[in-house]
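Novice: This structure is in structure tokens; I'll ask about it shortly.
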Amino acid sequence: MNREVTLPLIVDDRGTLQVAAADVSKLLRTVGGRWLHLVEAGADDLDEGTVAALTIELAKLADRIDVACIAHSSGAVSG
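Take the sequence shown: its position 18, counted from the start at 1, is 52 in the working numbering, and no numbers get skipped.
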């Protein structure tokens, strides 16, 4: 199950980003971190392997958002 997710950047007519990417990527990393904390605390209803895999994927997605926004801010073309 290795599917790529395409994330459109939401910009206005002047090219200004309309979503605070830092907040979105922070949220993704925080969700994963909290899941890991629950597993470490012994939550019985969470599978450790699944949580680890999902946390890694959320971090990768956050990284891709960061890279896309850096590219956008620097005027680089991505695709």
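Where a beta carbon is used, it is the ideal one built from N, C-alpha and C, also for glycine. Since this is a predicted model, take the numbers as computed values, not measurements.
Using alpha carbons as the reference points, say which of V58, V65, A56 lies closest to A86.
Specialist: Position 52 of the sequence shown, counted from the first residue, corresponds to residue 86. The residue with the shortest Cα to Cα distance from A86 is V65.
Novice: From the DSSP output, in three-state form, read off L51 for me.
Specialist: As a working note, residue 51 is residue 17 in the sequence shown. Strand at L51.
Novice: If we ignore side chains and look at the alpha-carbon of each, how far apart do V101 and S59 end up?
Specialist: Here residue 101 refers to the residue found at position 67 of the sequence shown. Here residue 59 refers to the residue found at position 25 of the sequence shown. Rounded to the nearest angstrom, the two C-alpha atoms are 11 Å apart.
Novice: Given a cut-off of 8 Å, decide if R63 and L88 are closer than it, judged by their beta-carbon atoms.
Specialist: Mapped onto the sequence shown, residue 88 falls at position 54. Mapped onto the sequence shown, residue 63 falls at position 29. Contact: no.
Novice: Distance check for A55 and I44, CA to CA, integer angstroms please.
Specialist: Here residue 44 refers to the residue found at position 10 when the sequence shown is read from its first residue. Here residue 55 refers to the residue found at position 21 when the sequence shown is read from its first residue. Distance between the alpha carbons of I44 and A55 is about 10 Å.
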